[in-house]
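Trainee:
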Amino acid sequence: MCGIVGYIGKRQCAPILLDGLGRLAYRGYDSAGMAVLTEGKIQVIKAKGRLSVLEERTKNGTTVEGSIGIAHTRWATHGEPSDVNSHPHISQSGKFAVVHNGIIENYRKLRTFLTEKGFTFMSETDTEVFAHLIEYYYNGNLVETMWKVMRKIEGSYALGVLCDDYPDSFLAVRKDSPLIVGIGEGENFIASDVPAILKYTKKVCYLEDNEIVVLKKDNVTVYNADGETIDKEICTINWDVASAEKGGYEHFMFKEIMEQSKALQDTIHPRIKDGEIVLDNIVLTSEYLNSVDKIFIVACGSAYHVGVAGKYVIESLVGKPTEVDLASEFRYRNPIVTDRTLIIIISQSGETADTIAAMREAKRLGGRVISIVNVVGSTIAKESDEVLYTWAGPEIAVATTKAYSTQLACMYLLGIYMSQKLGKLSDAEQKALVAAVKALPEAVEKILSCRENVQFMASRFYNSKNIFFIGRNLDYAVALEGSLKLKEISYIHSEAYAAGELKHGTISLIEDGTLVVAPATGERLFDKMLSNIREVKARGAVVMAIAAEGNTAIAEEADYCLYVPKTHPLLTPSLTVIPMQLFGYYVASIKGCDIDKPRNLAKSVTVE
Ligand code: BG6
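Going by the numbering used here, the sequence shown opens with residue 7, and the numbers climb by one from there.
Right under this line is the structure:
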């Protein structure tokens, strides 16, 4: 996600801003910029690309005079990486400059409103709305202006604001996106995260939602949503920078597992409007969807596993034949694609070579391509006919977790959207399904809060030589991902098998004490799963089941049971996957594996 740094004090700010941005680079970014108050005027320098471009343009900050400034590393969500889409954004008159981390969900409506008021937008970003809206409401008091603006904005933001009427202070505000205030000697800071300012001060305070902070070089004033000034607790950071980059977590993978509730919220929430699913600016008409006679879902790795689940979801909701394929196979097997074929391409990076090739082959054959991608402006995002972004933020660990979960969420959104267009669901069914999707972030948070149960399981089985995952229907789809997670980071051999297929081969590998992980959340096939659990137990297996809360029958058959909240039958993978991610993580952690950078693996395989 984006990174923000701000400074006011006794020193030239540009070098400090650059240094702070450099320490936030781990968050992933595609462009960077700064705004500095120089002799009462706001000077903005910003560029697409690495921080080195900004360092070059400012000669490491030495060519930019001024001791008040805000700076930003951008992780694109709205508008692809470019100079003009980089932050800071300035208001029409140039009086205000803003840097923003978060998503304005109602930015289109506000953009229309401001355009009608005569404001001209330079960028494709949601953030630029802040700059013009502040100018529109500005009455000479910036704090009062911010309250008016905050009442109009829907979404998440950590925001830094510079105004040339204020030569001795700048302002910041926070809602849903973290922002800290660094307290120095004759200087003060804002930052998205501790590493940016740890070099200058260990004294910080954490802004809460809807708090505004005004920073001067010798003091900071914090206002709550009622306009009262409040005292904030000042904490002393005792982390080192390395651990601070992971938010205090030991590994990026664990940090990203724990971020899933927010990633799901950011991905789902802006796409539910008045009980209906909207897909940003994607429009699939009923006429087009009625003409579609085949759907392909094509991807690699964990993204492919999303596709396996997606097949069940799409066929159930949309009633169209749906085939899921590995990109490396699809691209060479002369797939049967016509102009009535819809191809859903899934890719976190948007740069996986096999997936790019599969997309191009599908387009060459006349198909229409919708992609589900996490990196804005990536090759797949740019070349597909439509793109539905996951807003998971940058995923640093090689083994995907939050990107997988948000891809799954986008698959649900797409399935419900198409079902809406084709009138496949009754109002009651639609309402129940949308409500269940909306409740996923909270359900995931609940599972994460019970993670010590999984940690116990990992401590029992981390020495296993073989671990099998079995499931039926959507539980099989998620078993594939659970098995891959374990393999990728703990190097334990594992296989995922359709439970009904077990007796046709793999069951010969079950020995005394072999661990079998059995997700059994599907109600319709639950009795069949119980039979499969009995089958493997009869051959000596130890079974760890994953079931819906309240399911007591499973406890009579399985040796161990991890519970997840009940949800809509089509959404169970989003919950069942969480214990599996945690299991793989804890096993690898106990084994001392290199969790964030497993041997032989790459975050994105950009070569064939
Ligand atoms: C692998 C990653 O290299 O590529 C997996 O380790 C990922 O996590 C797979 O699922 C596909 O990558 P992408 O970026 O196309 O989703």
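Glycine residues also receive a C-beta, built at the ideal position from the N, C-alpha and C atoms.
(1) Work out the CA separation of residue 68 and residue 22 for me, nearest whole Å.
(2) Residue 83 to residue 286, Cα distance in whole Å?
(3) Is residue 311 helix, strand or coil when you go by DSSP?
(4) Per DSSP, what are the beta-bridge partners of residue 38 in this structure?
(5) For residue 384, which residues from the same chain have a beta carbon less than 8 Å from its beta carbon, with the 5 sequence-adjacent residues on both sides left out?
(6) In the segment 244 to 307, which residue ranges form an unbroken beta strand (DSSP E) of at least 3 residues, counting only runs that do not cross its ends?
(7) Is residue 607 close to the ligand BG6? I mean its beta-carbon at under 7 Å from any heavy atom of the ligand.
(8) Mind checking whether the beta-carbon of residue 307 lies closer than 7 Å to any heavy atom of the ligand BG6?
(9) Measuring CB to CB, does residue 542 end up less than 8 Å from residue 473?
(10) Tell me whether residue 49, by its Cβ, gets closer than 7 Å to a heavy atom of the ligand BG6.
(11) Check whether the Cβ atoms of residue 527 and residue 558 lie closer than 8 Å to each other.
(12) Is it the case that the segment 594 to 604 contacts the segment 411 to 418, given that we only count it when at least three CB pairs across the two stretches are under 8 Å?
(13) Do residue 165 and residue 630 come within 8 Å of each other at the CB atom, strictly closer than that value?
(14) Assign residue 395 to one of three DSSP states: helix, strand, or coil.
(15) Under a Cβ-count criterion, where at least 16 other Cβ atoms within 10 Å of its own Cβ denotes burial, should residue 491 be classed as buried or exposed?
(16) Give me, in chain order, the residues of the same chain whose beta-carbon lies closer than 7 Å to that of residue 260; leave out the 5 immediate sequence neighbours on both sides.
(17) According to DSSP, simplified to helix, strand and coil, what is residue 106?
(18) Tell me the residue span of the beta strand (DSSP E) that contains residue 525.
(19) Locate the alpha helix (DSSP H) running through residue 459, then write down its first and last residues.
(20) For residue 530, which of helix, strand or coil comes out of DSSP?
(21) If you draw a straight line from the C-alpha of residue 471 to the C-alpha of residue 495, how long is it?
(22) Report all residues from its chain with a CB closer than 7 Å to the CB of residue 390; omit the five preceding and five following residues, and keep chain order.
(23) Out of 57, 91, 604, 173, which one is the CA nearest neighbour of residue 43?
(24) Taking 7 Å as the cut-off, is the C-beta of residue 235 nearer than that to any heavy atom in the ligand BG6?
(25) Could you tell me which residues DSSP pairs with residue 499 in its beta bridges?
Mentor: The structure says:
(1) For the pair residue 22 and residue 68, the Cα-to-Cα distance works out to about 11 Å.
(2) Taking the straight line from one Cα to the other gives about 12 Å.
(3) Helix, per DSSP.
(4) The partner list for residue 38 (beta bridge, DSSP) reads 53, 79.
(5) 353, 355, 356, 357, listed in sequence order.
(6) Listed in chain order, they are 300 to 305.
(7) Residue side-chain check: residue 607 places its Cβ nearer than 7 Å to a non-hydrogen atom of the ligand BG6.
(8) The closest heavy atom of the ligand BG6 lies less than 7 Å from the beta carbon of residue 307.
(9) No, these two residues do not count as a Cβ contact at 8 Å.
(10) Result no, Cβ not under 7 Å from the ligand BG6.
(11) No, the Cβ-Cβ distance between residue 527 and residue 558 is not below 8 Å.
(12) Output reads no: the segment 594 to 604 does not touch the segment 411 to 418.
(13) Beyond the ends of the chain as shown, which are 7 and 614, falls residue 630; an answer cannot be given.
(14) The three-state reading of DSSP puts residue 395 in strand, counting E and B together.
(15) That one is buried.
(16) Once the five neighbours on either side are set aside, the close Cβ partners of residue 260 are 591.
(17) Correct three-state label for residue 106: strand.
(18) Note, residue 525: beta strand (DSSP E), 521 to 525.
(19) Run containing residue 459: 457 to 467, per the alpha helix (DSSP H) assignment.
(20) Residue 530 falls in the coil class under three-state DSSP.
(21) For residue 471 and residue 495, the distance between alpha carbons rounds to 14 Å.
(22) Closer than 7 Å at the Cβ level, and outside the excluded window around residue 390, lie 351, 365, 375, 376, 377.
(23) Of the candidates 57, 91, 604, 173, 173 places its Cα closest to the Cα of residue 43.
(24) Incorrect: residue 235 has no Cβ contact closer than 7 Å to the ligand BG6.
(25) Bridge partners of residue 499: 472.
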